[in-house]
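K.L.:
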Amino acid sequence: MFFAALLLASTGVASVRAAFPAGVIATGTQGVTNPPAPTMGTIINQTSVARLLSINAIDDFCLFAPPVAGSEIADTEGEEVAWCTKPRNNARVIPDGTITGVSFLKTDFYVQLMGTGDFTQLNIAAGDEGGELDPHGATGAGNPVGGNVTTTIADGLDEPIAEWMLYIDDNQFCLRACTNANSTYSAAFMCWHELDVMGCEFVMPGTYNAPGTFETCDADVAYPPGWYPTVVDGTTSFSTFAQYFTGVYTGNDGLPTSYTVGDTVTPSSAYFTPSSSNCVTTSSISNGIASSLLTADAIGTAPLPGFSSSTATAATGSLATASGATGSAAGAGAGTSKQATGGAGATSTGTSGTTPTGSSAAFHGARIGYGNGGEYAGIALVSLISAVAAIGLLH
Ligand SMILES: *[C@@H]1O[C@H](CO)[C@@H](O)[C@H](O)[C@H]1NC(C)=O
Ligand SMILES: *[C@@H]1O[C@H](CO)[C@@H](O)[C@H](O)[C@H]1NC(C)=O
Ligand SMILES: *[C@@H]1O[C@H](CO)[C@@H](O)[C@H](O)[C@H]1NC(C)=O
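Sequential numbering of the sequence shown, starting at 0, is according to numbering that gives the first Met the number 0.
1) Are there 16 or more other CB atoms within 10 angstroms of the CB of G139, so buried, or fewer, so exposed?
2) Could one say the Cβ of A301 lies closer than 7 Å to chain D's Cβ atoms, at least one of them?
3) Give me, in chain order, the residues of the same chain whose beta-carbon lies closer than 7 Å to that of A297; leave out the 5 immediate sequence neighbours on both sides.
4) Of the residues P224, F188, S185, which one's Cα is nearest the Cα of F201?
5) Who are the Cβ neighbours of G22 in its own chain at under 8 Å, not counting the five residues just before and after it?
6) Where does G287 land, buried or exposed, given buried means 16+ other C-beta within 10 angstroms?
7) Please report the residue range of the alpha helix (DSSP H) in which I72 lies.
8) Is there at least one non-hydrogen atom of ligand 3 closer than 6 Å to the beta-carbon of N183?
9) Around the Cβ of D232, are there at least 16 other Cβ atoms within 10 angstroms (buried) or fewer (exposed)?
10) Tell me whether the region 140-154 and the region 201-216 touch, counting them as touching only if at least three CB pairs, one residue from each stretch, are closer than 8 Å.
11) Please name the residue in R91, E71, A73, I54 whose C-alpha comes closest to that of T32.
12) Please identify the residue among P20, D74, N88 whose C-alpha is closest to the C-alpha of F108.
13) Is A73 near G130, with beta carbons less than 7 Å apart?
14) To the nearest angstrom, how far is the alpha carbon of V220 from that of F103?
15) Is the beta carbon of A295 within less than 6 Å of some heavy atom of ligand 1?
16) Pull every residue with its beta-carbon under 6 Å away from any heavy atom of ligand 2, and keep them in chain order.
17) From what residue to what residue does the beta strand (DSSP E) around C216 run?
18) What residues match up with W163 in a beta bridge as DSSP calls it?
Okay, structure coming up:
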């Protein structure tokens with residue numbers, strides 16, 4: 000991506016798209032509830048059923064949450080709608096005060112947000128332990144159905160992202176959109192979406208701050224969720240953890256059949272917590288929109304002034320925006336004042352090298368040699384294969 004950024008800068012053509020590895024960019028159309036492309040400055044519509052998230056900056060991102068107040072995520076996964084920090088994408092607008100803290104991390108393989116708030120204001124039932132949303136779901140059409148995600152973080156343009164995951168409950172969320180891949184880490188593995196009971200800290204390790212901090216940081220790349228490395232004679236191999244679950248499905252013979260997949264011993268933590276660096280804090284991400292304009296079912300009559308563009312989404316046509324390579328000092332938008340302008344220093348210390356707890360029964364060995372071409376197809380483990388097969392049938 001860095002090379003692509005240089006290329007853009009040298010040619011002066013902002014619309015040249017970076018070359019992305021296979022599996023990173025979504026190739027389908029936007030879901031039918033969505034505008035055809037990310038759009039700033041759309042009319043307030045708190046009844047919207049649009050499902051397009053854009054994840055561009057600490058003050059310009061969206062979440063999926065229920066359309067109807069008092070809903071549990073687990074009951075409404077297919078129906079969640081987009082709620083954005085600003086009027087955009089025809090989505091609902093997140094009222095000021097809802098989000099009480101966010102860490103916005105840019106890494107070489109993904110953009111990740113970790114946040115706190117009062118998500119009863121986004122219709123999640125008080126006390127709901129939440130659930131996991133991703134572009135797969137029961138029918139393969141996504142949870143929510145037709146839900147889509149874009150980001151400008153990878154190359155300064157609004158790129159549709161194939162693999163993403165959002166965990167949200169009544170007071171916390173974590174969201175990852177996978178913007179890169181190599182022969183070791185596919186986007187699908189880096190946004191692995193089948194560990195839905197494990198929680199944010201396990202699946203998306205990072206520095207989880209108490210409410211009150213709003214920061215944008217660069218960060219190291221985590222291992223894909225559930226991966227644990229072992230180095231033997233200089234060769235790194237990975238074992239993986241697959242979430243344990245049992246269930247019953249009705250097979251082709253019409254008979255109910257029970258199944259069990261995954262590991263019976265659950266590791267207590269990710270292998271390590273990636274460090275953050277170059278953190279820039281922001282005092283608030285308020286949009287300044289009066290709460291009276293954002294009541295349940297509120298619908299505006301015209302776009303609100305001042306929201307027709309944003310620093311992070313002015314991605315088409317300005318040379319300055321083309322330099323937003325992940326992790327570069329330029330940040331992701333035309334106006335980079337909030338991003339990567341200097342170091343507040345690392346805020347996190349990794350626990351690299353900590354051996355995960357749990358018996359070895361929890362880890363299925365798979366040898367992944369970097370020297371052998373490292374095709375990630377080869378990483379599909381016994382436990383994962385059975386999990387994928389079962390989930391493909393049943394989820
Ligand atoms: C939108 O989401 C659907 C369902 O996950 C997917 O098939 C399609 O490729 C996505 N399109 C874009 C542009 O992200
Ligand atoms: C608001 O959203 C609803 C549901 O998507 C839609 O039917 C309606 O046309 C929208 N209203 C406006 C003014 O955009
Ligand atoms: C893929 O990227 C990761 C993270 O930067 C790195 O550790 C790994 O060596 C890379 N794999 C290959 C084959 O370059």
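For each residue, glycine too, the CB sits at the ideal point set by N, CA and C.
P.N.:
This is what the structure gives:
1) By the Cβ neighbour-count rule, G139 is exposed, with fewer than 16 other Cβ atoms within 10 Å of its own.
2) Among the protein chains of the structure shown there is no chain D, as only one such chain exists.
3) Shown here for A297: same chain residues with a beta carbon closer than 7 Å to its own, the five before and five after excluded, namely I43, Q45 in chain order.
4) F201 has its Cα closest to that of P224, out of P224, F188, S185.
5) Around G22, the same chain offers A161, E162, A180, S185, A186, A187 as residues with beta carbons nearer than 8 Å, after the five sequence neighbours per side are excluded.
6) By the neighbour-count rule (16 or more Cβ atoms within 10 Å), G287 is not buried but exposed.
7) Residues 72-75.
8) Inspection of the sequence shows that residue 183 is occupied by Thr rather than by Asn. Relative to ligand 3, T183 has its C-beta within less than 6 Å of a heavy atom.
9) By the C-beta density criterion, D232 is exposed, having fewer than 16 other C-beta atoms within 10 angstroms.
10) Result no; under three Cβ-Cβ pairs closer than 8 Å.
11) Of R91, E71, A73, I54, the residue nearest in Cα terms is R91.
12) When only C-alpha atoms are compared, the closest one is P20.
13) Contact flag set, yes.
14) Distance between the alpha carbons of V220 and F103 is about 14 Å.
15) Flag unset: Cβ of A295 not near ligand 1.
16) The filter returns I42, N44, T46, S47, V48, I298, in chain order.
17) Start and end: 213-218.
18) Secondary-structure assignment with DSSP links W163 through a beta bridge to A176.
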